[in-house]
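Colleague: This is the structure I have questions about; it appears just below.
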Amino acid sequence: MGQGLSCRANREDGFFNAVQVGDLETVQILLQRDPSLLNQPTVYDKLSALHIASANGQIEVLSLILGRSVNPDILNRHKQTPLMLAAMHGKISCVQMLLQAGANILMFDSLHGRTCLHYAAYYGHSECLQAILSAAHSTPVADSWGFARFVNVRDGKGATPLHLAARQRRPDCVHILLDSGALACASTGGYGYPGSTPLHLAARGGSLDCIRELLAWGADRLQRDAAGRIPYTVAVKYKHGACAALLNPSSAEPLVWPSPLKFISELNPEAKVLLERALMEANREREKNILKGTPYSLPSPSHSDVGAEDNISEVSEAELCCICFDQVCTIEVQGCGHQMCAHCTLALCCHNKPNPTTTCLPSPVCPFCRSSIAQLVVAKTKTGEEMDMDVSSSKLTKSRKSRNLSEGSSSFMGVSAMGSFGKMGARGSGKIAADSGDCGSGKIAADSGDCVDKP
Ligand SMILES: [Zn+2]
Ligand SMILES: [Zn+2]
């Protein structure tokens with residue numbers, strides 16, 4: 000009897016080992032002899048073969064097991080699903096296969112009450128995170144919970160996936176989550192210090208990249224946790240000096256992704272990438288000035304990795320943005336075909352304020368012909384490759400700009416003070432001068448406070 004048990008235990012060990020290393024042949028032979036092995040969990044952790052294959056990225060074994068109609072949501076000792084383990088270990092192909100097999104994305108483990116989305120965010124596997132979010136658009140979860148609620152799903156201590164990603168220094172995941180509608184200002188219940196926002200947790204983790212993302216999406220530097228601390232206080236306490244400098248409420252306001260752009264339905268993805276890069280670039284310029292003279296100065300050249308300097312001479316006057324005379328036209332208004340640079344497009348959209356009487360946002364209008372902007376696309380005159388170069392080179396010939404402006408030769412409705420975001424950062428004033436959306440009112444200096452997206 001005892002011998003029989005140990006014999007069975009040996010067979011199980013052999014089976015689990017074969018699953019773990021992806022030895023498909025052995026798995027098949029052992030399953031032929033004893034099909035019940037599939038539903039046999041390991042002794043302590045209660046891991047099934049499906050868990051082991053998922054956690055180890057053994058896609059062929061996983062496919063074999065799923066083909067035998069095993070429940071894809073089988074639970075281990077901690078009520079973790081195979082999907083959670085695949086997301087934890089960043090096994091993207093297993094995540095995809097489990098989702099295709101109908102794995103439930105809304106299961107909660109018994110350790111911290113977390114979902115597969117929490118796991119992907121915590122461990123920083125952005126591909127897995129993206130795959131789960133895509134699935135959330137089409138699974139029953141979208142109908143029963145709604146996508147927005149799922150993105151902000153809380154664990155047992157009130158932490159959303161965004162809280163975890165911010166705390167664990169995962170800027171890619173932070174970006175994807177914010178882009179998918181994660182709330183930048185949500186407070187935790189008991190995760191971290193009670194009442195912490197993602198910005199508090201990013202300050203605790205000390206990730207400049209996460210802080211930059213959060214600020215660009217409107218995270219509030221003045222929001223307090225349950226102890227009354229703002230994120231700046233947290234960064235100082237944990238000696239993250241550069242983070243503290245950015246979070247200091249007295250340093251220049253960050254530029255925030257403008258809300259009118261959020262309301263252009265399905266903003267052209269390529270145009271969006273250009274605009275996002277322009278925004279981040281402007282904020283990095285701003286950071287450089289905040290950190291200048293501190294021990295935390297950023298390495299220069301900050302983050303432009305393309306050898307853009309060589310291309311500048313090839314840019315003809317004709318391609319320069321007619322608003323700022325500083326950058327190359329990369330964005331085109333669909334319909335009228337007018338072009339401007341990404342920085343000016345952002346400035347234009349930042350300027351629009353919600354109408355206080357209707358509380359709806361006016362759609363941004365083309366500064367050249369005043370037609371309302373329904374869609375922005377990448378300017379057609381150049382190849383995408385050239386565009387990449389242009390965007391990463393924010394510094395075009397300054398002499399051109401000053402000459403044009405001093406001569407007052409702007410072809411753009413008398414605007415004389417239109418600066419690029421980079422320049423504004425350099426002045427550190429946080430002011431944006433932009434043409435107003437109001438018909439015929441000429442030029443108006445707009446405060447960058449308009450950019451802040453207050454929900
Ligand atoms: Zn421009
Ligand atoms: Zn136009």
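Each residue of the sequence shown is one higher than the one before, starting from 0 at the first, in numbering that gives the first Met the number 0.
Just so it is clear, CB atoms sit at the ideal spot from N, CA and C, and this is done for glycine as well.
(1) Between the beta-carbon of ILE289 and the beta-carbon of SER250, is there less than 7 angstroms?
(2) Apply the 10 Å Cβ neighbour rule to CYS242 and answer buried if 16 or more other Cβ atoms are within range, or exposed otherwise.
(3) Rank ALA54, PRO253, LEU266 and SER206 by C-alpha distance to the C-alpha of GLY240 and give the top, closest one.
(4) Using the Cα positions of THR25 and ARG7, report the straight-line distance between them to the nearest angstrom.
(5) Give the secondary structure of VAL150 by DSSP, where H, G and I count as helix, E and B as strand, and everything else as coil.
(6) So, do the stretch 160-170 and the stretch 118-125 have three or more beta carbon pairs nearer to each other than 8 angstroms?
(7) Just checking, does the stretch 200-218 make contact with the stretch 173-190 on the three C-beta pairs under 8 angstroms criterion?
(8) At a threshold of 6 angstroms, does CYS368 count as lining ligand 2 (C-beta to nearest heavy atom)?
(9) Rounding to the nearest angstrom, what Cα-Cα distance links VAL255 and GLN222 in this structure?
(10) At the level of alpha carbons, what is the spacing between PRO34 and ASP108?
(11) Is any heavy atom in ligand 1 found nearer than 6 angstroms to the beta carbon of GLN19?
(12) Would you mind reading off the limits of the beta strand (DSSP E) that contains VAL377?
(13) Measure the alpha-carbon distance for GLN57 versus ILE51 and round it to whole angstroms.
(14) Please confirm if the stretch 229-239 is in contact with the stretch 192-204, defined as three or more CB-CB distances below 8 angstroms between the two stretches.
(15) What residue does the alpha helix (DSSP H) around VAL332 start on, and which one ends it?
(16) Note down, in chain order, each residue of its chain lying with its Cβ closer than 7 angstroms to the Cβ of HIS302, except the 5 sequence neighbours on either side.
(17) Out of GLN39, ILE210 and LEU23, which has the shortest C-alpha to C-alpha gap to ASP12?
(18) For PRO353, which of helix, strand or coil comes out of DSSP?
(19) Under 6 angstroms Cβ to Cβ from ILE73, same chain only, skipping five residues before and after it: list those, please.
(20) Under the criterion of a Cβ to heavy atom distance below 6 angstroms, does CYS365 qualify as lining ligand 2?
(21) From the DSSP output, which residues share a beta bridge with LEU23?
(22) Report the residue ranges of all alpha helix (DSSP H) runs contained in full by the stretch 42-125; include only those spanning at least 4 residues, in chain order.
(23) Specify, as a first and last residue, the run of the alpha helix (DSSP H) that THR187 falls within.
(24) If you run the structure through DSSP and keep just helix, strand and coil, what is GLN39?
(25) For a quick check, are the C-beta atoms of ILE210 and LEU176 less than 7 angstroms apart?
(26) Just the C-alpha distance for ASN351 and PRO257, rounded to the nearest angstrom, thanks.
(27) On the criterion of 16 or more Cβ atoms from any shown chain inside 10 Å, does LYS90 qualify as buried, or is it exposed?
(28) Whole-angstrom Cβ separation of GLU212 and VAL152, contact assumed at under 8 angstroms?
(29) Please classify HIS124 as buried or exposed, where buried requires at least 16 other C-beta atoms within 10 Å of its C-beta.
(30) Using the rule of at least 16 other Cβ atoms within 10 Å of the residue's Cβ for burial, across every protein chain shown, is VAL305 buried or exposed?
(31) Determine the extent of the alpha helix (DSSP H) in which PRO197 is found, giving its start and end residues.
(32) Any heavy atom of ligand 1 closer than 6 angstroms to the beta-carbon of GLN338?
(33) Just the Cα atoms here: how many angstroms apart are CYS93 and ALA147?
(34) Which of the three DSSP states is assigned to LEU163 in this structure?
(35) Quick check on VAL42: buried or exposed, where buried means 16 or more other Cβ atoms within 10 Å of its Cβ?
Modeller: According to the structure data:
(1) With contacts defined by Cβ atoms closer than 7 angstroms, ILE289 and SER250 form a contacting pair.
(2) buried
(3) SER206
(4) Taking the straight line joining both Cα atoms gives about 16 angstroms.
(5) helix
(6) yes
(7) yes
(8) yes
(9) Whole-angstrom Cα-Cα distance: 16 angstroms.
(10) Computed Cα separation, rounded: 28 angstroms.
(11) no
(12) 375-377
(13) 8 angstroms
(14) yes
(15) It is not in any alpha helix (DSSP H) - VAL332 instead sits in the beta strand (DSSP E) that spans 330-332.
(16) Note that HIS302 has pLDDT 43, beneath the 50 cutoff, so the model's placement of it is unreliable and no number is given.
(17) GLN39
(18) No answer about PRO353 holds up, because its pLDDT of 47 lies below 50 and its placement is not dependable.
(19) Only SER47 and LEU49 meet the Cβ criterion.
(20) yes
(21) LEU23 pairs with nothing; no bridge assigned.
(22) 48-54, 58-65, 81-87, 91-99 and 115-121, all fully within the stretch 42-125.
(23) THR187 -> no alpha helix (DSSP H), and no H or E assigned at all.
(24) Of the three classes helix, strand and coil, the one that applies to GLN39 here is coil, per DSSP.
(25) Between ILE210 and LEU176, the C-beta spacing is not below 7 angstroms.
(26) The predicted position of ASN351 is uncertain, since its pLDDT is 49 and thus under 50; a value taken from the coordinates is nonetheless stated next. Their backbone Cα atoms lie some 9 angstroms apart in a straight line.
(27) The residue in question, LYS90, is buried, as its Cβ has 16 or more Cβ neighbours within 10 Å.
(28) Actually they are not in contact, since the Cβ atoms of GLU212 and VAL152 sit about 20 angstroms apart, beyond 8 angstroms.
(29) buried
(30) Since pLDDT at VAL305 reaches only 43, below the 50 mark, its modelled position is unreliable, and no value is offered.
(31) 197-204
(32) GLN338 Cβ: outside cutoff for every heavy atom of ligand 1.
(33) 25 angstroms
(34) helix
(35) exposed
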